Amino acid sequence: MRARNLAVVLATIHRSGPHTRASLAERTGLTKTTVSSLVADLLEAGAVTESGAVRAGERGRPGVAVSLSGHRVAALGLEINIDYLAACVVDLTRTVRLRRIIPADNRNSDPAAILESLRALAKETTAEAAAAGLRVIGAALAVPGLVEGGMLRSAPHLGWRDVRVSDLVDMPFEVDNEANLAALGELWFGPRESDFLYVSGEIGIGAGLVVQGGVFKGTYGLAGELGHVVVVPDGPGCRCGGRGCLEVYAGQDALLGDLGSVRELVSRLESGDQAALEACRRAGHALGVALTSAVHLLDPGTIVLGGIFAPLFPWLAAPVSGGLGTRLAQMRGAPPDLVVSATGSDAAVLGAAGLVIQQIIAEPAKLLGL
Numbered sequence: 001m002r003a004r005n006l007a008v009v010l011a012t013i014h015r016s017g018p019h020t021r022a023s024l025a026e027r028t029g030l031t032k033t034t035v036s037s038l039v040a041d042l043l044e045a046g047a048v049t050e051s052g053a054v055r056a057g058e059r060g061r062p063g064v065a066v067s068l069s070g071h072r073v074a075a076l077g078l079e080i081n082i083d084y085l086a087a088c089v090v091d092l093t094r095t096v097r098l099r100r101i102i103p104a105d106n107r108n109s110d111p112a113a114i115l116e117s118l119r120a121l122a123k124e125t126t127a128e129a130a131a132a133g134l135r136v137i138g139a140a141l142a143v144p145g146l147v148e149g150g151m152l153r154s155a156p157h158l159g160w161r162d163v164r165v166s167d168l169v170d171m172p173f174e175v176d177n178e179a180n181l182a183a184l185g186e187l188w189f190g191p192r193e194s195d196f197l198y199v200s201g202e203i204g205i206g207a208g209l210v211v212q213g214g215v216f217k218g219t220y221g222l223a224g225e226l227g228h229v230v231v232v233p234d235g236p237g238c239r240c241g242g243r244g245c246l247e248v249y250a251g252q253d254a255l256l257g258d259l260g261s262v263r264e265l266v267s268r269l270e271s272g273d274q275a276a277l278e279a280c281r282r283a284g285h286a287l288g289v290a291l292t293s294a295v296h297l298l299d300p301g302t303i304v305l306g307g308i309f310a311p312l313f314p315w316l317a318a319p320v321s322g323g324l325g326t327r328l329a330q331m332r333g334a335p336p337d338l339v340v341s342a343t344g345s346d347a348a349v350l351g352a353a354g355l356v357i358q359q360i361i362a363e364p365a366k367l368l369g370l
């Protein structure tokens, strides 16, 4: 019962705080004595802090405001991408305290070597957080592949299959698909408050459907494989064994061609390079075709373009919107809003850290040792 009440109080502060103890008692239905005891425990654990006096209501003396603390408790987000390893530390107020990125070529890589590098990055980042007074409670990892029960079942672009990553760090740890966590990163760290479809452009193309504050994963965790929606039935072969998949036309390799980086592509686009403009037009058209099918099936109000699509948004938006508008005009009138990600390339690693923050809010007694 106490564990449940701790969660109720902390969730109330997280959702609509800061609150006085009297206000918390009124909102939670708990007695003032119980709330005071619970707040004392949360103060001791470093989850909340007390600040200047505020008036709880129209009458009575001002009370002391209780709010989430960003000074002691934190979460570690990790990401394995094709081109880099990333880590970030986020405190309980969802303020990013540390960010680290290590460029790397992880295609067809040795899982043991990559995981050892990531483990070293995690230790270094956690130690730096500790030096700043932050206690990292747990960690989560974003990976570009299918995850089941802490096992990375398949990550074709990494060349990994059935790799267990759940023992990566010595703390509570979770692993999930990059697109799912990127969608949650956009929800928790961006301006999104309602349901939306997040599209993650990388080597592959994934999507995360946010519904009522969570990501819809499907029966086997395969929901959102937008990159393998067929846009040209007799098109080129795809690594999945099919033909004409979206990934063939709008994945990172298709967009970059012989260029070395997205930054170089953006530079070409800004200078008006016709080959670069045509690559984006072709990718945007294909993405519009695939998203038309997604809209028919899912009916999202907003589509968010993230990953490498974020810096390319000024050149992708018109062909994507044009394709959607043409195909949806007779069915529903206006197409969904098409917007650029507010979290950019950090979405997945932020979502990973945010996942741990959500768990702390939901189970403070368990994760904070109360």
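Under the UniProt record's numbering, the first residue of the sequence shown carries the number 1, and numbering increases by one thereafter.
Using N, Cα and C, we set each Cβ at its ideal position, and we do this for glycine too.
Here the structure is a predicted model, which is why all the values come from computation and not from measurement.
In three-state terms, what does DSSP make of residue i?
{"i": "Thr34", "result": "helix"}
{"i": "Val231", "result": "coil"}
{"i": "Tyr249", "result": "helix"}
{"i": "Glu148", "result": "strand"}
{"i": "Asp346", "result": "helix"}
{"i": "His14", "result": "helix"}
{"i": "Asn108", "result": "coil"}
{"i": "Glu58", "result": "Only weak support exists for where Glu58 lies, its pLDDT of 45 falling under 50; the coordinates are left without a value."}
{"i": "His19", "result": "strand"}
{"i": "Glu193", "result": "coil"}
{"i": "Arg94", "result": "coil"}
{"i": "Gly46", "result": "coil"}
{"i": "Leu259", "result": "coil"}
{"i": "Ala132", "result": "coil"}
{"i": "Ala352", "result": "helix"}
{"i": "Ala25", "result": "helix"}
{"i": "Ala334", "result": "coil"}
{"i": "Gly70", "result": "coil"}
Looking at residue i: is its Cβ nearer than 8 Å to the Cβ of residue j?
{"i": "Glu174", "j": "Leu10", "result": "no"}
{"i": "Leu370", "j": "Ile137", "result": "no"}
{"i": "Pro364", "j": "Ala7", "result": "yes"}
{"i": "Leu78", "j": "Val48", "result": "no"}
{"i": "Leu152", "j": "Leu298", "result": "no"}
{"i": "Arg100", "j": "Val169", "result": "no"}
{"i": "Gly227", "j": "Leu246", "result": "yes"}
{"i": "Ile308", "j": "Phe196", "result": "no"}
{"i": "Pro144", "j": "Glu186", "result": "no"}
{"i": "Gly237", "j": "Arg243", "result": "yes"}
{"i": "Leu38", "j": "Val66", "result": "no"}
{"i": "Gly284", "j": "Val248", "result": "no"}
{"i": "Val211", "j": "Leu184", "result": "no"}
{"i": "Ala104", "j": "Ile357", "result": "no"}
{"i": "Ser341", "j": "Ala310", "result": "yes"}
Please report how far the alpha carbon of residue i lies from the alpha carbon of residue j, in whole angstroms.
{"i": "Ile350", "j": "Ala179", "result": "Checking the sequence, you will find Leu at residue 350 rather than Ile. The alpha-carbon atoms of Leu350 and Ala179 are separated by roughly 12 Å."}
{"i": "Pro300", "j": "Ala294", "result": "8 Å"}
{"i": "Glu58", "j": "Thr31", "result": "Only weak support is given to the placement of Glu58: the predicted model assigns it a pLDDT of 45, under 50, and the question is left unresolved by the model."}
{"i": "Arg107", "j": "Ser166", "result": "21 Å"}
{"i": "Pro314", "j": "Leu277", "result": "11 Å"}
{"i": "Phe189", "j": "Ala347", "result": "8 Å"}
{"i": "Asp83", "j": "Ser154", "result": "18 Å"}
{"i": "Ala129", "j": "Arg97", "result": "8 Å"}
{"i": "Ala286", "j": "Thr292", "result": "10 Å"}
{"i": "Thr20", "j": "Gly63", "result": "6 Å"}
{"i": "Pro18", "j": "Thr93", "result": "12 Å"}
{"i": "Gly260", "j": "Val266", "result": "11 Å"}
{"i": "Ala122", "j": "Val89", "result": "10 Å"}
{"i": "Cys240", "j": "Ala45", "result": "49 Å"}
{"i": "Ser194", "j": "Leu115", "result": "35 Å"}
Tell me where the beta strand (DSSP E) around residue i begins and ends.
{"i": "Thr302", "result": "302–307"}
{"i": "Gly138", "result": "135–143"}
{"i": "Gly206", "result": "205–211"}
{"i": "Ala74", "result": "73–80"}
{"i": "Leu338", "result": "337–340"}
{"i": "Ser166", "result": "Looking at the DSSP string, Ser166 is not in any beta strand (DSSP E), and its letter there is neither H nor E."}
{"i": "Leu197", "result": "196–201"}
{"i": "Gly214", "result": "214–216"}
{"i": "Glu225", "result": "Careful: Glu225 lies outside any beta strand (DSSP E) and carries neither H nor E."}
When DSSP builds the beta bridges, which residues end up paired with residue i?
{"i": "Ser51", "result": "Ala65"}
{"i": "Arg100", "result": "Ala87"}
{"i": "Gly237", "result": "Arg243"}
{"i": "Trp160", "result": "Ala155"}
{"i": "Phe313", "result": "BP columns for Phe313 are empty, so no partner."}
{"i": "Glu174", "result": "Ala140"}
From what residue to what residue does the alpha helix (DSSP H) around residue i run?
{"i": "Arg263", "result": "262–270"}
{"i": "Glu186", "result": "178–189"}
{"i": "Ala365", "result": "364–368"}
{"i": "Glu278", "result": "274–298"}
Does any residue of chain D bring its CB to less than 8 Å from the CB of residue i?
{"i": "Leu6", "result": "Judged by its chain identifiers, the structure shown contains no chain D, having just a single protein chain."}
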